[in-house]
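Take a look at the structure set out below.
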Amino acid sequence: MIKEETYISRLNPVNAIDDLIEVAKTHEVPIMDKISVEFVKQLIRIHQAHNILEIGTAIGYSALHFASVNDNVHVTTIERNEMMYQFALQHIDDYKKQHQIRPIFKDALEALNDVNDKEYDILFIDAAKAQSLKFFELYSPFVRQGGLIITDNILYHDFVGNIEIVRSRNVKQMVRKIEKYNAWLSENKDYDTNFIDIGDGMSISVKK
Ligand code: SAH
Ligand code: MG
């Protein structure tokens, strides 16, 4: 979700990849906000993560940011929308990150065989919000013990936890699914999870 630039977001490092924020705005693509992306990058550093699996590439903004942490970071990222995928290819090329980012043009419900060649230190779930649980079930087996599963948009415009303010039936349905996912995750004993109110809400689960 794109929020207005704030004092705190301006304190975070400036990066040439942020030029893509304009592209995202023009095409109304819900990329991570600056504070969240820098927070995840810090987790990558602390965790010394090498292999990241991302569900939901969009224009490649978050994948490029993750890959910018250092040359040892490799991002495998899945996108089902052809236009987004083409944007991502272009941007990976523009920023010369072909050697670090492996984009996969597929529905993440069907991409298991394209990504099962390695163990991942971090799984980042940022695709269709109603399907986060499905993605978690499908891809968590590829995360190493001690690895992280990060889920974005767990508050979905602050509708999650406030369903009574939602008018649209479809949005209501999605919000219910996210609430179910959050509850499931918070009770899941195989992971230590914390839920944080940055960006559009994010959860960080450590695999036991
Ligand atoms: N991670 C990006 C933003 C992703 S937006 C960033 O922060 O820069 C969510 C993306 O997930 C959209 O481009 C959408 O097309 C894609 N998506 C949604 N459901 C998907 C699925 N089942 N498989 C693959 N991609 C999916
Ligand atoms: Mg997101």
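Under the numbering used here, think of the first position of the sequence shown as 1344, with each following residue one higher.
Ideal Cβ placement from N, Cα and C applies to all residues, glycine included.
All of these numbers come straight from a predicted model, not from anything done at the bench.
Quiz item: For tyrosine 1499, which three-state DSSP category applies?
Solution: DSSP places tyrosine 1499 in coil when its eight states are reduced to three.
Quiz item: Who are the near neighbours of threonine 1420 in its chain, counting only those whose CB is closer than 6 Å to its CB and skipping five residues on each side?
Solution: Take threonine 1420, set aside five residues on each side of it, and the residues of its chain with a beta-carbon closer than 6 Å to its own are Glu1397, Thr1400, Ala1406, Pro1446, in chain order.
Quiz item: What is the rounded straight-line gap between the Cα of aspartate 1495 and the Cα of alanine 1359?
Solution: Between the C-alpha atoms of aspartate 1495 and alanine 1359 there is a straight-line separation of about 23 Å.
Quiz item: Would you say asparagine 1496 touches the ligand MG, meaning its beta carbon is less than 7 Å from a heavy atom?
Solution: It does: the Cβ of asparagine 1496 is within 7 Å (strictly closer) of some heavy atom of the ligand MG.
Quiz item: For phenylalanine 1502, which option in Ser1411, Gly1489, Glu1522 has the closest C-alpha, if you only look at C-alpha atoms?
Solution: Measuring from the Cα of phenylalanine 1502, the nearest candidate turns out to be Glu1522.
Self-check item: Integer-rounded CB distance, given that valine 1412 should sit under 8 Å from isoleucine 1389
Solution: Not quite, the Cβ-Cβ distance comes to about 11 Å (not below 8 Å), so this is no contact.
Quiz item: Hey, phenylalanine 1478 and alanine 1454: beta-carbon distance below 8 Å or not?
Solution: No.
Quiz prompt | Through-space distance from phenylalanine 1382 to histidine 1442, alpha-carbon basis | solution = Distance from the CA of histidine 1442 to the CA of phenylalanine 1382, rounded to the nearest whole angstrom, comes to 24 Å.
Practice problem: Less than 8 Å between the CB atoms is what I'm expecting for leucine 1491 and valine 1549, so what's the real figure, rounded? | Solution: So it is a contact: roughly 6 Å between Cβ atoms.
Self-check item: Three-state secondary structure assigned by DSSP to arginine 1512
Solution: In the displayed model, arginine 1512 falls within a helix according to three-state DSSP.
Self-check item: Coarse secondary structure for glutamine 1488, derived from DSSP in three states
Solution: Of the three classes helix, strand and coil, the one that applies to glutamine 1488 here is strand, per DSSP.
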